[in-house]
Amino acid sequence: MTSMPEPVGRLLDAALVGELTVVRRDGRPITYPLIPLWDGERIYLTSSVLFSRKLDHVKGNPRVSLSLTDPVALGDQPGRATIQGTARVIEDDPHGGWERLMPIWERKEPAIVSFLKARVALPLFFERALIEIEPARVLFWPDGQTTKAPQVVDLLGEAA
Amino acid sequence: MTATLERPTDPRPAGDRLDRLPPTDHMTARTGLEKLATYPFVVLTWVGDDGFPVSVASEARVDAEGGSVSFDPPGGLAVPTDRDVSVTGSHIRPQPGYGYDERRHVTVWGRVTTSHDGELTLAGASAWGWDEAEVPFFEYSERNVARARTYFDALSAERGTPVRPKLSFGFLTLRATRLPFLSATVIPTVLGVLVAAVAAPVDLWLALITVVGGSLVHLGLNVANDVFDTTQGADELNVTPTQYSGGSRVIQYGLVSIRRMALISAAFYAGAVAIGLYLLATVPSAALLVIGVAGIVVSIGYTAPPLKLVYRGLGEIAVAAGFGPLMVLGAYVVQTGGTLAWEPFVASVPVAILVALILYANEIPDRRSDAKAGKRTLPVRWSKEAVIHWYGASVVAAFGIVPVGIVLGILPWPTIIALAGIPLARKVYRGLWQTYDQPYVLMGYLGTNVRLHMTVGALLIVAYLAVVAVGALVADVPMYLSLLGG
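Respectively, the protein sequence lines represent chains A and B. Residue numbering for the first sequence follows my numbering, starting at 181 and increasing by one per position. Residue numbering for the second sequence follows my numbering, starting at 74 and increasing by one per position.
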């Protein structure tokens, strides 16, 4: 198994937002901007139960992609990437199971700690499920120019 | 109470009513394209032949009027023309040390065609998105509460055991009972005790029991209010609740069942009745009996059928009476053995008006959902101008009664310090004009409005403490004016 290309890992580490695309029952893609949380092996996204339709889509079709496209949200890094992978929903404990990812989340959004302390104000927002993505393939545009063909890295096989 | 719960005004389950809330994230393709035109680039997405979504950033040329968006073909990737493709714009503004803000996104779906020169054009067919500048995050969340309930119902069915959202016991108690609002009870009951203390020593045990009894009525009212506003649909329809309005939401959020809330409310009222009976046994008094019964009736009848005082535009009067004269006079007669007087009544008037103004102002952000639920509060019935002018006139009356009472020799002159609350009233009055239609900005002024009541109440208490202390320590210091020869 090939590891995530280092420049793409840097994008994942920096990204304040990425675009998660899942496939609806009717076959159409639907895209949700979310904070990607990268632990070096898998990509995690969290979804409040308030906005849980995406979880239904993932359960119905685990093939997803996460794109990192906005230079502003990527700390002005020039690269762009789309990571395709297989996702699963982790919802053993919507109340607190997702909190194991708080250290990564806090690095990107420090205010989340104080929001969580005040969870009484919006309790359903902090009932959350995790979407865990096992990356399978990466499309990478090192200079962000998508009119050029991307570098394609098959993480489950060899580089193309 | 239980009988009423079995005959809800709206027979549809609460979740069904929530589902009927107008969606905020669906829009026409044209609106979606107009929004898309504001993004510096878009993300083009389709589902590849292998079933995985493919996303590519691209610079787009939007023709909203023509209903399309064009872009150059991405390098090395074939955009399919036989299936729907989406175009997404997404924006945040990073805030170092905090996270980000200015969240907005929009997606437009449609089929793509290729022109002779290779340019791709998507004809917009449908769209969705969210812009927190248009629909604030809290409102957006409230509009999705039904989705959360659907999620938990599905998870419960999957596991074969109920799965529900949780809050710690402390937070849940705080939220379900709206405990911080107990100041509205503590202030008038303590004031009533202190007015009585001017003439005779206070029975501290009875004073404590009085405060506890009043608090139980108040907590029973708060919880019953949630129960009856739920059965009558007002809380479900409210998508802009604030920490001061729209109820505790614990029923809507699935944190506590409506049945349990009804039982909790009944328990609070039972405790209050028990204390009332104890006080009556200790201080046999027809006045106390009348005040106690009136307090319970007004409290339950506030939202409960058949009275539904707040639904008939009588909520302010009910609140003013309950948290003003009834509580002040109740605490007073417990101390005086049943004797009534004008002084506790006059002292209660500023507190009564200002507590009614808390409800009155809190009804402003709720007025649209209240109107849909048939809750004909004053802000539902009146124009913005009328609502704010009435607020101003009421504040003038609340503060005006103090010097009048002093001049008439009814109130002790130290109560003049209550006028120190005027700047807070001015701040709220101005804030209402500025933020009447912005519930989440208005929330700050609603908080100031609560502080106004607490401040004036606390100042009156301090004034009476001073009067009692001076009376105990120094004889013959006149605390009441006799300008009119009284």
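Quick reminder that beta carbons are idealized off the backbone N, C-alpha and C, glycines included.
At the level of alpha carbons, what is the spacing between residue i and residue j?
| i | j | result |
| --- | --- | --- |
| LEU279 of chain B | ARG332 of chain B | 33 Å |
| PRO283 of chain A | THR111 of chain B | 34 Å |
| ALA253 of chain A | PRO146 of chain B | 24 Å |
| VAL269 of chain A | ILE223 of chain A | 12 Å |
| ASP92 of chain B | GLU207 of chain B | The pLDDT assigned to ASP92 of chain B is 42, lower than 50, so where the model puts this residue is not dependable, and the model offers no usable value. |
| LEU302 of chain A | ARG222 of chain B | 14 Å |
| ILE474 of chain B | ALA434 of chain B | 21 Å |
| GLY124 of chain B | LEU319 of chain A | 15 Å |
| GLN511 of chain B | GLU309 of chain B | 20 Å |
| SER318 of chain B | VAL523 of chain B | 12 Å |
| VAL333 of chain A | PRO209 of chain B | 40 Å |
| ASN298 of chain B | PHE305 of chain A | 24 Å |
| GLN331 of chain A | GLY337 of chain A | 14 Å |
| VAL428 of chain B | GLY265 of chain B | 16 Å |
| LEU94 of chain B | LYS445 of chain B | Reliability of the predicted coordinates at LEU94 of chain B is poor, the pLDDT of 45 falling under 50, and the value obtained from them is presented with this limitation in mind. If you take the alpha carbons of LEU94 of chain B and LYS445 of chain B, they lie about 11 Å apart. |
| ARG287 of chain A | GLN168 of chain B | 12 Å |
| LEU191 of chain A | LEU281 of chain A | 18 Å |
| THR249 of chain A | PRO216 of chain A | 12 Å |
| PRO187 of chain A | ALA298 of chain A | 36 Å |
| ARG134 of chain B | VAL152 of chain B | 17 Å |
| LEU451 of chain B | ALA343 of chain B | 31 Å |
| ALA267 of chain A | THR262 of chain B | 59 Å |
| THR104 of chain B | ALA137 of chain B | 8 Å |
| VAL529 of chain B | LEU281 of chain B | 22 Å |
| SER294 of chain A | GLU307 of chain A | 16 Å |
| GLY306 of chain B | ALA219 of chain B | 14 Å |
Cβ of residue i less than 7 Å from any chain A Cβ?
| i | result |
| --- | --- |
| SER330 of chain B | no |
| VAL285 of chain B | no |
| PHE244 of chain B | yes |
| HIS178 of chain B | yes |
| ILE165 of chain B | yes |
| ALA345 of chain B | no |
| ALA130 of chain B | yes |
| GLY140 of chain B | no |
| ARG220 of chain B | yes |
| PHE144 of chain B | no |
| ALA104 of chain B | Note that residue 104 of chain B is Thr in the sequence shown here, rather than Ala. Not one chain A Cβ lies under 7 Å of THR104 of chain B. |
| ASP276 of chain B | no |
| SER467 of chain B | no |
| THR450 of chain B | no |
| LEU492 of chain B | no |
| SER214 of chain B | yes |
| ASN217 of chain B | yes |
| SER318 of chain B | no |
| THR118 of chain B | yes |
| SER358 of chain B | no |
| SER159 of chain B | yes |
| TYR171 of chain B | yes |
| TYR326 of chain B | yes |
| TYR553 of chain B | no |
Does the CB of residue i have a neighbour CB from chain B at under 7 Å?
| i | result |
| --- | --- |
| LYS146 of chain A | Here chain A comprises residues numbered 181 to 340, so residue 146 of chain A is not present and cannot be evaluated. |
What residues are listed by DSSP as bridge partners for residue i?
| i | result |
| --- | --- |
| ASP565 of chain B | This structure leaves residue 565 of chain B out entirely; chain B is present only between 74 and 559. |
| PHE320 of chain A | A:ALA261, A:GLN331 |
| PRO315 of chain A | A:GLY265 |
| GLU199 of chain A | A:PRO213, A:SER247 |
| GLY162 of chain B | B:VAL179 |
| VAL116 of chain B | B:ALA130, B:THR161 |
Comparing the CB of residue i with every heavy atom of the ligand MG, is any distance shorter than 6 Å?
| i | result |
| --- | --- |
| PRO126 of chain B | With respect to small molecules bound, the structure shown includes none, and the ligand MG cannot be examined in it. |
Contact the stretch 224 to 244 of chain B vs the stretch 320 to 340 of chain B: 3+ CB pairs below 8 Å: yes
Taking a Cβ distance cut-off of 9 Å, strictly less, list which residues of the stretch 209 to 235 of chain A are near chain B, in chain order. PRO209, ILE210, THR211, TYR212, PRO213, ILE215, SER228, VAL229, LEU230, PHE231, SER232, ARG233, LEU235
Below 9 Å between beta carbons is the criterion; list the residues of the stretch 504 to 518 of chain B that meet it against any residue of chain A, in chain order. none
If contact means a Cβ-Cβ distance below 8 Å, which residues of the stretch 275 to 307 of chain A contact chain B? HIS275, LYS288, GLU289, PRO290, ALA291, ILE292, ARG299, VAL300, ALA301, LEU302, PRO303, LEU304, PHE305, GLU307
Mind the definition here: the stretch 169 to 181 of chain B touches the stretch 198 to 206 of chain B only if three or more C-beta pairs lie below 8 Å; say whether that holds. yes
Per the contact definition of three or more C-beta pairs closer than 8 Å, is the stretch 363 to 381 of chain B in contact with the stretch 222 to 231 of chain B? no
Taking Cβ-Cβ distances below 9 Å as the criterion, which residues of the stretch 322 to 335 of chain A are in contact with chain D? No chain D appears in this structure, whose protein chains are A and B.
Going along the chain, which residues of the stretch 244 to 265 of chain A sit with their C-beta nearer than 7 Å to a C-beta in chain B? VAL244, SER245, SER247, THR249, ASP250, VAL252, ALA253, ARG260, THR262, GLN264
Chain B contacts from the stretch 182 to 204 of chain A (Cβ-Cβ distance under 8 Å): LEU196, VAL197, GLU199, THR201, VAL202, VAL203
When Cβ atoms are compared, which residues of the stretch 227 to 256 of chain B fall closer than 7 Å to chain A? LEU228, PRO238, LYS239, LEU240, PHE244, LEU247, ARG248
Which residues of the stretch 186 to 210 of chain B have a Cβ closer than 7 Å to any Cβ of chain A? Give them in chain order. none
So, does the stretch 340 to 351 of chain B touch the stretch 287 to 295 of chain B, judging by three or more C-beta pairs under 8 Å? yes
Taking contact to mean at least 3 C-beta pairs separated by less than 8 Å, is the stretch 234 to 242 of chain A in contact with the stretch 273 to 281 of chain A? no
Stretch pair the stretch 210 to 226 of chain A + the stretch 310 to 329 of chain A: three plus CB contacts closer than 8 Å: yes
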